[in-house]
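Enquirer: My questions all concern the structure below.
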Amino acid sequence: MKDTAAPSPEAIRVDELHKSFGAHHVLKGVSLRACEGDVVAIIGGSGSGKSTMLRCINFLETPSSGRISIGGEDVAMRPDGSPLNRKQIERLRQSLGMVFQSFNLWTHRTVLENLIEVPVHVLKTPKDEAIARARKLLARVGLAEKEGAYPAFMSGGQQQRAAIARALCMEPRAMLFDEPTSALDPELVGEVLQVIRGLADEGRTMVLVTHEMKFAREVASHVIYLHNGLIEEQGPPDQLFGAPKSERLKQFLKSVA
Amino acid sequence: MSGLELLAWEAPGWGAALAAGLLKSVLIALGAFSLGLLIGIGGAYGKLYGGPVTRDLLAVYTTIVRAVPELILILILYFAFTSSINNLLLAWGFERIQISGFVAGIAVLGVVQGAYATEVLRGAILSVPAGQIEAARAMGMPPLMLAWRVTFPQMLAAAIPGLANLWLIATKDTALLAVVGYAELTLVTRQAASTTKAFFTFFMAAGLLYLCISILSTLIFGRIEAWARRGQVRQEGR
Ligand SMILES: Nc1ncnc2c1ncn2[C@@H]1O[C@H](COP(=O)(O)OP(=O)(O)O)[C@@H](O)[C@H]1O
Ligand SMILES: [Mg+2]
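Heads up: the sequence lines are chains A and B, in that order. Numbering of the first sequence is given in numbering that gives the first Met the number 0, commencing with residue 0 and proceeding in unit increments. Numbering of the second sequence is given in numbering that gives the first Met the number 0, commencing with residue 0 and proceeding in unit increments.
What follows is the structure, encoded as structure tokens:
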């Protein structure tokens with residue numbers, strides 16, 4: 000369904016998103032736009048609302064108000080922000096590959112079973128086709144010989160690479176990463192970043208929440224700095240990291256350097 | 000007659016009668032356990048995700064059933080069950096029917112099992128890591144498929160020990176149906192013993208039969224648990 004005529008159609012668009020947990024106003028009107036091929040990095044201090052913003056994109060959190068559209072299709076929302084149509088949410092979620100901080104592979108299934116679970120059972124891809132695709136992806140993330148392993152017996156880095164392959168196996172339009180390396184031992188971070196970099200290089204659309212500033216600067220096409228539920232500053236990475244305007248961002252960059 | 004002659008298969012031995020009683024006990028236990036599981040699944044989901052009224056009703060159900068001795072429950076439920084069905088039939092202008100002890104036994108024990116199964120399964124569902132469910136939701140898996148393909152297999156490992164206990168309780172609780180005159184193993188044993196005055200022989204034989212069921216069940220549940228735990232790192236001491 001890709002529109003090849005237009006140079007880069009919109010993959011993800013978030014407008015004036017608000018989110019409260021009870022009385023706690025976490026997102027206070029944030030917007031984001033990712034066209035196909037864009038890599039949008041979201042940075043910010045702990046508790047600034049990065050995860051919440053990312054999770055609202057695929058409705059793992061229900062927005063309190065705002066507008067979200069995926070691939071040019073508006074998500075139908077009630078006035079209170081809750082999704083109107085469960086089927087639409089499920090369909091749109093299938094086009095967004097989410098990667099979590101804690102991997103969240105299904106522990107009762109082998110790596111290969113993890114990869115083909117949704118393609119076979121939800122998307123109704125023929126099983127042999129799904130397996131062939133899964134094997135290609137596993138080879139690509141360097142886990143070809145791990146297809147029969149159970150996740151609990153693999154290192155964190157291996158689990159996260161398998162989780163990325165699992166998300167890719169649905170052939171999503173865009174990828175969402177929520178601090179994919181934060182739960183990893185330092186020596187395992189590199190192998191995961193390398194996989195993500197590969198995806199960026201091949202022109203994958205992605206939204207990436209990360210604490211790896213150097214990495215964000217290298218792969219992102221656009222960076223958003225979130226502070227207290229508001230976008231404090233945003234722009235191309237060289238501008239944001241090279242010449243930050245806001246005092247808070249300067250402080251933040253100093254603190255994580 | 001010697002002990003072995005008393006237990007012979009053909010009359011005047013009681014072997015065939017005991018075996019028939021055993022079969023009925025096992026079938027009732029199977030039926031009650033299955034019904035209990037169904038009630039338990041509904042009950043667990045109701046307690047976890049139901050509205051306030053559902054949750055209160057379920058709390059009343061599990062509290063009462065678990066507080067009152069089984070024997071009393073069985074007497075109450077058995078007579079309540081059979082008489083309420085007959086009252087309904089009469090009210091609708093049908094004839095009274097003789098409700099089979101088999102069906103009534105399954106219904107009554109199933110209701111008791113259901114209360115315990117509700118608690119076992121509720122705990123097991125809570126033990127499933129939220130991230131596992133979230134990953135499935137994030138990939139657009141519909142709720143029923145998610146319950147069946149992610150939550151259920153994940154909670155099984157945690158639920159099996161509790162369910163194995165429930166199954167053993169189900170097999171032994173069938174003996175309580177003797178009080179309502181149902182010819183399961185215990186009642187047949189009592190008849191045999193009082194007819195022949197060979198109390199020791201028959202109650203030993205019945206005891207051994209219950210023991211066999213228990214040992215066999217433990218083996219089977221062990222297998223199921225090992226399968227349900229596939230993919231888990233072995234904990235020390237297991
Ligand atoms: N499910 C929730 N219920 C209540 N508060 C939440 C929930 N999720 C996040 N929060 C709160 O929202 C704020 C932002 O959280 P989060 O988006 O996780 O921050 P970040 O990812 O930037 O560290 C935090 O104060 C956090 O405590
Ligand atoms: Mg976070």
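We treat Cβ as the ideally placed atom computed from N, Cα and C, and that holds for glycine. Please read all numbers here as calculations on a predicted model, not as lab measurements.
Who sits around ligand 1, taking every residue whose Cβ is closer than 6 Å to one of its heavy atoms?
Expert: The set, ordered by position in the chain, is A:20, A:23, A:25, A:43, A:45, A:46, A:47, A:48, A:49, A:50, A:51.
Enquirer: Indicate whether at least one CB of chain B lies closer than 7 Å to the CB of residue 138 (chain A).
Expert: Judged by the 7 Å Cβ criterion, residue 138 (chain A) is not in contact with chain B.
Enquirer: Does the beta-carbon of residue 107 (chain A) have 16 or more other beta-carbons within 10 angstroms, so that it is buried, or is it exposed?
Expert: Buried, since its Cβ has 16 or more Cβ neighbours within 10 Å.
Enquirer: Grouping DSSP H, G and I as helix and E and B as strand, with all else coil, what is residue 68 (chain A)?
Expert: In the structure shown, residue 68 (chain A) sits in a strand (DSSP, three-state: E or B).
Enquirer: So is residue 0 (chain A) in contact with chain B if we call contact Cβ pairs under 7 Å?
Expert: Legend: pLDDT at residue 0 (chain A) = 49, less than 50; position of this residue unreliable, value from coordinates given subsequently. By this cut-off, residue 0 (chain A) is not an interface position.
Enquirer: Could you tell me which uninterrupted beta strand (DSSP E) segments, each at least 3 residues in length, are contained entirely in the stretch 164-212 of chain A, listed from first to last along the chain?
Expert: Those beta strand (DSSP E) runs which fall completely within the stretch 164-212 of chain A and span 3+ residues are 173-177, 204-208.
Enquirer: Identify the contact partners of residue 158 (chain A) in chain B, using a Cβ-Cβ distance below 7 Å as the criterion.
Expert: The premise fails here: residue 158 (chain A) is roughly 12 Å from chain B at the closest Cβ pair, so nothing lies under 7 Å.
Enquirer: Looking at chain B, which residues of the stretch 81-93 of chain A have a Cβ within less than 7 Å of any of its Cβ atoms?
Expert: The stretch 81-93 of chain A vs chain B, Cβ under 7 Å: 89, 90, 92, 93.
Enquirer: Using the rule of at least 16 other Cβ atoms within 10 Å of the residue's Cβ for burial, across every protein chain shown, is residue 214 (chain B) buried or exposed?
Expert: Exposed, because fewer than 16 other Cβ atoms sit within 10 Å of the Cβ of residue 214 (chain B).
Enquirer: So is residue 154 (chain B) in contact with chain A if we call contact Cβ pairs under 7 Å?
Expert: It does not; no Cβ of chain A falls within 7 Å.
Enquirer: So who's on the other strand from residue 20 (chain A), going by DSSP bridges?
Expert: Looking at the DSSP assignment, residue 20 (chain A) forms a beta bridge with A:23.
Enquirer: Using 8 Å as the cut-off, can you tell me whether the stretch 220-240 of chain A makes contact with the stretch 72-81 of chain A, which would need three or more C-beta pairs spanning the two stretches below that distance?
Expert: No, they do not touch.
Enquirer: Could you tell me which uninterrupted beta strand (DSSP E) segments, each at least 3 residues in length, are contained entirely in the stretch 19-74 of chain B, listed from first to last along the chain?
Expert: Taking only runs of at least 3 residues, no beta strand (DSSP E) segment lies wholly in the stretch 19-74 of chain B.
Enquirer: Tell whether a beta-carbon distance below 7 Å holds between residue 137 (chain B) and residue 57 (chain A).
Expert: Yes, the pair counts as a contact, with Cβ atoms nearer than the cut-off.
Enquirer: If you draw a straight line from the alpha carbon of residue 237 (chain B) to that of residue 228 (chain B), how long is it in whole angstroms?
Expert: In this predicted model, residue 237 (chain B) has a pLDDT of only 44, less than 50, meaning its place in the structure is not dependable; the value taken from the coordinates is given anyway. Straight-line Cα distance between these residues: approximately 12 Å.
Enquirer: Of the residues A:128, A:63, A:143, which one's Cα is nearest the Cα of residue 118 (chain A)?
Expert: Nearest option by C-alpha distance: A:128.
Enquirer: Report the rounded CA-to-CA distance for residue 101 (chain B) versus residue 207 (chain B), giving the unit in angstroms.
Expert: Looking at the two C-alpha atoms, the distance is approximately 23 Å.
Enquirer: Below 8 Å on the Cβ atoms is my contact criterion, and I expect residue 145 (chain A) with residue 110 (chain A) to pass it. Report the Cβ-Cβ distance as a whole number of Å.
Expert: Confirmed, about 5 Å.
Enquirer: When the cut-off is 7 Å and only beta carbons count, does residue 203 (chain B) lie next to chain A?
Expert: For residue 203 (chain B), the answer is no, since every Cβ of chain A falls outside 7 Å of its Cβ.
Enquirer: Is residue 232 (chain B) buried or exposed, if buried means 16 or more other CB atoms sit within 10 Å of its CB?
Expert: Per the 10 Å Cβ criterion, exposed.
Enquirer: Can you give the Cα-Cα distance for residue 53 (chain A) and residue 148 (chain A), rounded to whole angstroms?
Expert: Near 30 Å, if we compare the C-alpha coordinates of residue 148 (chain A) and residue 53 (chain A).
Enquirer: Chain A partners of residue 136 (chain B), CB-CB under 8 Å?
Expert: Residues of chain A passing the Cβ test: 59, 92.
Enquirer: According to DSSP, is residue 97 (chain A) part of a helix, a strand, or is it coil?
Expert: Strand.
Enquirer: Report the partner residues of residue 12 (chain A) according to the DSSP bridge assignment.
Expert: DSSP output for residue 12 (chain A) lists A:32, A:68 as bridge partner(s).
Enquirer: Which residues in the same chain as residue 229 (chain A) place their Cβ atom closer than 6 Å to its Cβ, once the five residues preceding and following it in sequence are excluded?
Expert: Excluding positions up to five away in sequence, the list reads 27.
Enquirer: Which partner residues does residue 39 (chain A) have in the DSSP bridge list?
Expert: Residue 39 (chain A) is bridged to A:206, A:221.
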